[in-house]
Amino acid sequence: MTSNIVLPRIVCLGKGAINQLNYVLETLAVKNPMIVTDQVIYDLGYIKPIEKNLTNQKLSYGIYTDTIPEPTDTSLEAGIQQARLNNHDSIIAIGGGSVIDSAKAIAIVVKHGGHIRDYKFPYSIEKSGLPVIAIPTTAGTGSEATKATVITDEKHNEKMLCMGLGLVPFAALVDYELTISLPKRATADSGLDALTHALEAYVSRKANPFTDAQALAAISLIAKNLRKAYNEPNNIEARESMLLGSHLAGIAFTNSSVALVHGMSRPIGAHFHVPHGLSNAMLLPTITEFSIPFAPHRYATCSRTMGIATNQDSDEIANDKLIKELKALNRDLNVPTLKEYGVNKIEYEALLPLMAKQAIDSGSPSNNPRLATVVELVDLYRKVYE
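Counting from 1417, one number per residue, gives the positions in the sequence shown under the numbering used here.
Put into structure tokens, the structure is as follows:
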């Protein structure tokens, strides 16, 4: 079987990676980039060194700071207009997954026109938009390495998955120093998001030997360092390992796929505004337990790679330990249930059939080891609520 592998053209990894921006800009031969970020990153001063670099190179540039968490089609409009009005020829995206996802969507619509809704799955975006240089400030989404972006359609209250080679950033500058100031809640949610990426990439029906290697490396790094990064925010080794693990997980899932957890997570985010990483964490133990019987050895390998099961443990014992550990991680990282988060049960129950349909329509559940019916999805959503 042949597997097609996609990666950013340039990856600069490690302390000071952001200082390679000049090299990337020179390689691209761009003259007028637009910096895409959010107000928090701007206020923290992360943009100032970039502005200095651009000024020293005598490049014109613009700054767009109005991206939002869990971006929507409406939130993209001002960025699209600014990029067109000022004839920007590239985008420097610095921030978390929402910022980078916004930048990738803006880049496609500016270059090819239309509305981001025109590009949702199953449409495949093969032609590149404006070149994107992605600089992550969270260890979670892996968006700097992926061929995907998720944007909420406000009119239809649906999180749209957009995919294709054209969404892969031109370059990724992966500098762990930019993650040290990340708050505990964001550290937990983004880290659990990355763990979900790695686990789902490994058990996906589209997994291949390349993605297996990346996913297992990511699982090991994240499992051994997530609690450290959460409890010891200034632990440099933990932060470095988490960002590397997140990046490898991004490479893994963009070349295999995410699965049922992500498919079910998107409707929760769209309807109840639960952050993406947090909703993944809420779902992960229950959906893993549901899926294990259809890929027991794969899940057991994940358990052993996390260091919670030994080679002497049977697959059954290893998988029992895996479920216990996923539940323990949620407890230790203070992940609430949907009920504890404040989701109204009556509204939630009323939306379950629609959410189940939206989950299946997203395409991700078809990659899960165990395929779920709409009835089973409704039942799983009910289990997760409590």
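Note that the Cβ used here is the ideal one computed from N, Cα and C, for glycine as well.
Model, not experiment: these values are computed from the prediction.
Residue i - partner residues in DSSP beta bridges
{"i": "aspartate 1577", "result": "Before going on, a small fix: residue 1577 reads as leucine here, not aspartate. Paired residue(s): Val1566."}
{"i": "proline 1449", "result": "Ser1506"}
{"i": "tyrosine 1439", "result": "None, per the DSSP bridge assignment."}
{"i": "arginine 1429", "result": "Per the sequence shown, residue 1429 should be read as leucine rather than arginine. Paired residue(s): Val1590."}
{"i": "lysine 1804", "result": "Since the first and last residues shown for the chain are 1417 and 1802, residue 1804 lies out of range."}
{"i": "glycine 1384", "result": "For the chain, the structure presents residues 1417 to 1802; residue 1384 sits outside this window and is missing."}
{"i": "tyrosine 1480", "result": "Val1452"}
For residue i, the three-state DSSP class (helix, strand or coil)
{"i": "tyrosine 1618", "result": "helix"}
{"i": "valine 1548", "result": "strand"}
{"i": "valine 1677", "result": "helix"}
{"i": "lysine 1773", "result": "helix"}
{"i": "tyrosine 1764", "result": "helix"}
{"i": "threonine 1488", "result": "strand"}
{"i": "isoleucine 1638", "result": "helix"}
{"i": "glutamine 1728", "result": "coil"}
{"i": "histidine 1528", "result": "helix"}
{"i": "arginine 1720", "result": "helix"}
{"i": "arginine 1643", "result": "helix"}
{"i": "histidine 1572", "result": "coil"}
{"i": "isoleucine 1596", "result": "coil"}
{"i": "glycine 1558", "result": "coil"}
{"i": "isoleucine 1708", "result": "helix"}
{"i": "threonine 1471", "result": "helix"}
{"i": "methionine 1417", "result": "coil"}
{"i": "arginine 1786", "result": "coil"}
{"i": "valine 1794", "result": "helix"}
{"i": "alanine 1623", "result": "coil"}
{"i": "threonine 1603", "result": "helix"}
{"i": "glycine 1666", "result": "helix"}
{"i": "isoleucine 1652", "result": "helix"}
Member of the options whose CA lies at the smallest distance from the CA of residue i
{"i": "threonine 1481", "options": "Pro1465, Ile1508, Arg1500 and Asn1503", "result": "Ile1508"}
{"i": "asparagine 1784", "options": "Gly1461, Glu1705 and Ala1588", "result": "Glu1705"}
{"i": "alanine 1561", "options": "Leu1441, Arg1500 and Thr1627", "result": "Thr1627"}
{"i": "glycine 1545", "options": "Arg1500, Leu1589 and Ile1667", "result": "Arg1500"}
{"i": "threonine 1568", "options": "Glu1493, Leu1441, Glu1792 and Gln1728", "result": "Glu1493"}
{"i": "glycine 1529", "options": "His1713, Thr1753, Ile1496 and Asn1650", "result": "Ile1496"}
{"i": "proline 1599", "options": "Ile1667, Val1456, Ala1665 and Ile1434", "result": "Val1456"}
{"i": "glutamate 1486", "options": "Asp1534, Gly1513, Cys1428 and Asp1731", "result": "Gly1513"}
{"i": "leucine 1632", "options": "Phe1586, Met1722 and Asp1454", "result": "Met1722"}
{"i": "isoleucine 1667", "options": "Glu1653, Ala1610, Ile1703 and Tyr1715", "result": "Ala1610"}
{"i": "alanine 1588", "options": "Lys1563, Asn1472, Ile1426 and Arg1621", "result": "Ile1426"}
{"i": "isoleucine 1708", "options": "Gln1728, Lys1737, Leu1694 and Ser1681", "result": "Lys1737"}
{"i": "isoleucine 1549", "options": "Tyr1715, Asp1505 and Val1566", "result": "Asp1505"}
{"i": "glutamate 1442", "options": "Ala1519, Ile1733 and Phe1586", "result": "Phe1586"}
{"i": "alanine 1521", "options": "Val1584, Asn1502, Glu1570 and Leu1475", "result": "Val1584"}
{"i": "leucine 1642", "options": "Ser1719, Gln1473, Leu1749 and Leu1793", "result": "Leu1749"}
{"i": "isoleucine 1739", "options": "Asp1777, Tyr1757, Arg1720 and Asn1727", "result": "Arg1720"}
{"i": "cysteine 1428", "options": "Thr1471, Ala1523, Tyr1764 and Tyr1439", "result": "Tyr1439"}
{"i": "serine 1369", "options": "Ala1665, Asn1573 and Asn1624", "result": "What is shown of the chain runs 1417 to 1802, which leaves residue 1369 out entirely."}
{"i": "glutamate 1741", "options": "Pro1781, Cys1718 and Val1526", "result": "Cys1718"}
{"i": "methionine 1417", "options": "Lys1474, Val1525, Lys1622 and Lys1543", "result": "Lys1622"}
{"i": "proline 1781", "options": "Val1619, Arg1533 and Lys1527", "result": "Val1619"}
{"i": "glutamine 1498", "options": "Lys1474, Val1526 and Ile1484", "result": "Val1526"}
{"i": "leucine 1423", "options": "His1663, Pro1465 and Arg1533", "result": "His1663"}
Cβ-Cβ separation, residue j to residue i (assumed contact under 8 Å), whole Å
{"i": "lysine 1743", "j": "glutamate 1802", "result": "Not quite, the Cβ-Cβ distance comes to about 13 Å (not below 8 Å), so this is no contact."}
{"i": "asparagine 1746", "j": "alanine 1697", "result": "6 Å"}
{"i": "isoleucine 1516", "j": "serine 1559", "result": "4 Å"}
{"i": "isoleucine 1463", "j": "isoleucine 1510", "result": "7 Å"}
{"i": "aspartate 1775", "j": "proline 1701", "result": "Aspartate is not the amino acid found at residue 1775; the sequence shown has alanine there. At roughly 17 Å, the Cβ-Cβ gap does not stay under 8 Å, so alanine 1775 and proline 1701 are not in contact."}
{"i": "leucine 1444", "j": "proline 1547", "result": "6 Å"}
{"i": "leucine 1594", "j": "isoleucine 1434", "result": "7 Å"}
{"i": "lysine 1571", "j": "threonine 1670", "result": "Incorrect: roughly 28 Å between the Cβ atoms, too far for contact."}
{"i": "alanine 1772", "j": "valine 1790", "result": "5 Å"}
{"i": "histidine 1531", "j": "aspartate 1489", "result": "7 Å"}
{"i": "alanine 1734", "j": "alanine 1716", "result": "4 Å"}
{"i": "methionine 1680", "j": "leucine 1694", "result": "At roughly 13 Å, the Cβ-Cβ gap does not stay under 8 Å, so methionine 1680 and leucine 1694 are not in contact."}
{"i": "isoleucine 1703", "j": "leucine 1787", "result": "No, isoleucine 1703 and leucine 1787 are not in contact; Cβ-Cβ is about 13 Å, not under 8 Å."}
{"i": "serine 1491", "j": "serine 1518", "result": "7 Å"}
{"i": "alanine 1654", "j": "lysine 1644", "result": "4 Å"}
{"i": "leucine 1437", "j": "asparagine 1472", "result": "The pair is not a contact, with the Cβ atoms about 11 Å apart (cut-off 8 Å)."}
Checklist entry - Is the region 1635-1644 in contact with the region 1688-1701, if contact means three or more CB pairs nearer than 8 Å? => result no
Next on the checklist: Closer than 8 Å is the cut-off here; do at least three beta carbon pairs connect the region 1536-1543 with the region 1579-1596?
Outcome noted: Judged by Cβ distances under 8 Å, the region 1536-1543 makes contact with the region 1579-1596, as three or more pairs qualify.
Item to check | Inter-stretch contact (C-beta, 8 Å, three-pair minimum) for the region 1546-1560 and the region 1656-1665 | outcome: Yes, they touch.
Item to check | Cβ contact (3+ pairs, closer than 8 Å) linking the region 1609-1618 and the region 1672-1681 | outcome: The region 1609-1618 vs the region 1672-1681: in contact.
Checklist entry - Taking one C-beta from the region 1596-1611 and one from the region 1442-1450 each time, how about it: are there three or more such pairs within less than 8 Å? => result no
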